[in-house]
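Here is the structure we will look at.
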Amino acid sequence: MFRSAFVALVLASSVFAGPMKRSSGLTVDVAGPSGAVSDVNQLKFKATVKNTGSDDVKILKYGTVLDGGLPTRSFSVTKDGKDVSFTGVKLQVSLDKPNDSFFVSIPAGQSVTVEHDVADLFDFASAGTGTFRFEPVASFHVATGSNEKPGQFERVQVSSNAVEVNVTDQLKKREMVKRARDTCQVPAKRDFIDAAYVEGQALAANAVTYIGDNGADPLFATPTHYNVPAIL
């Protein structure tokens, strides 16, 4: 719906068929820069997902290495064993009316390659120069329903490699342009979402104004059950 930063990726659990299992028919291979790089702009990768099985597969692409069009989290990045903060978009997906744009189909014996530019998606500046490990998100939701209307998913963990790259310079933090665009195709739902967005902005503005006018109020210094460790 809204393609804006920090919106949770929501997938209805009712459509998933059982717990995660390891896939024997899918593999992920990642290729990245060879040798050290001097600029995060050189952090470009190619992820190839191959279907080695005997059946065609249809995979939900969002939140995986199959999504190369949106600035979503397709990799986990670490440096010295510590996670590097993700600064991209966390997408909310409605599966009420799935369409083909949600999926990538891979025929038996074939592969799909997706290119990724991760320079804008992680806070490399705070991590500092050094060797970064890039591991692809290879947990897929494979459609088990009909091609016309996939309604069930099987969650599978796919074998993959990881790539390590030494970044020696140019780690200046990059900024993404924030935006919010409602892409819902159902008029009634779209109107509701748009109205809720406007109302949310108004409520946030009112809260900022109230706190600014009443910052010395004891209310803001009084402990509540929301910040009592014993209750949390």
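Numbering (the working numbering), first residue to last: 4 to 235. For each residue, glycine too, the CB sits at the ideal point set by N, CA and C.
Pull the bridge partners of residue i from the DSSP assignment, please.
i, result
"Leu29", "Asn54"
"Gly133", "Val170"
"Ser142", "Gln160"
"Leu46", "Paired residue(s): none; Leu46 is not in a bridge."
"Phe89", "Phe125"
"Lys82", "Lys85 and Phe135"
"Val60", "Ile109"
"Ala39", "Looking at the DSSP assignment, Ala39 forms no beta bridge with any residue, so it has no partner."
"Ala34", "Lys49"
How would you label residue i, buried or exposed, when you count the other beta carbons within 10 angstroms and need 16 or more for buried?
i, result
"Leu63", "buried"
"Leu124", "buried"
"Val13", "Residue confidence is low: Val13 scores 41 on pLDDT, short of 50, so the model does not pin down where it sits. Its coordinate-derived value is still stated next. Classification for Val13: exposed."
"Phe78", "buried"
"Leu222", "exposed"
"Thr212", "exposed"
"Pro190", "exposed"
"Gly203", "exposed"
"Leu206", "exposed"
"Val87", "buried"
"Phe143", "buried"
"Gly35", "buried"
"Val159", "buried"
"Phe195", "exposed"
"Asn217", "exposed"
Could you spell out where the alpha helix (DSSP H) holding residue i opens and where it closes?
i, result
"Val201", "Pro190 to Asp216"
Skipping 5 residues on each side, what residues in its chain have a beta carbon closer than 8 Å to that of residue i?
i, result
"Pro153", "Caution applies to Pro153, whose pLDDT of 49 falls short of 50 and renders its modelled position unreliable; the model cannot decide the point."
"Asn54", "Gly28, Leu29, Val60, Ile109, Pro110, Ala111, Gly112, Gln113 and Ser114"
"Val140", "Gly66, Thr67, Val68, Arg76, Ser77, Phe78 and Ser79"
What span of residues does the beta strand (DSSP E) with residue i cover, start to end?
i, result
"Thr116", "Ser114 to Asp120"
Kindly list the residues whose CB is nearer than 6 Å to the CB of residue i, restricted to its own chain and excluding five residues on each side of it in sequence; keep chain order.
i, result
"Thr240", "No statement about residue 240 is possible, as the shown extent of the chain runs from 4 to 235 and does not include it."
"Glu118", "Lys49 and Gly71"
"Glu151", "Unreliable placement is indicated for Glu151, whose pLDDT of 49 sits below 50; no coordinate value is reported for it."
"Thr239", "Beyond the ends of the chain as shown, which are 4 and 235, falls residue 239; an answer cannot be given."
"Ser162", "Thr30"
"Lys82", "Ala130, Gly133 and Phe135"
"Val96", "Tyr65"
Which same chain residues, not among the five before or five after residue i, have their C-beta less than 7 Å away from its C-beta?
i, result
"Phe89", "Arg76, Leu124 and Phe125"
"Asn164", "Asp32 and Val33"
"Ala219", "none"
"Ala39", "Asn169 and Thr171"
"Gly56", "Gly28 and Ala111"
Out of the options, which has the shortest C-alpha to C-alpha gap to residue i?
i, options, result
"Asp185", "Gly56, Gln173, Ala199 and Asp172", "Ala199"
"Gly84", "Arg136, Lys192, Leu73 and Val52", "Arg136"
"Leu174", "Val140, Leu46 and Gly35", "Leu46"
"Ser104", "Ile196, Asp86, Leu73 and Val92", "Leu73"
"Ala130", "Val43, Val140 and Glu138", "Val43"
"Val121", "Thr171, Gly91 and Phe156", "Gly91"
"Ser41", "Ala128, Val201 and Leu94", "Ala128"
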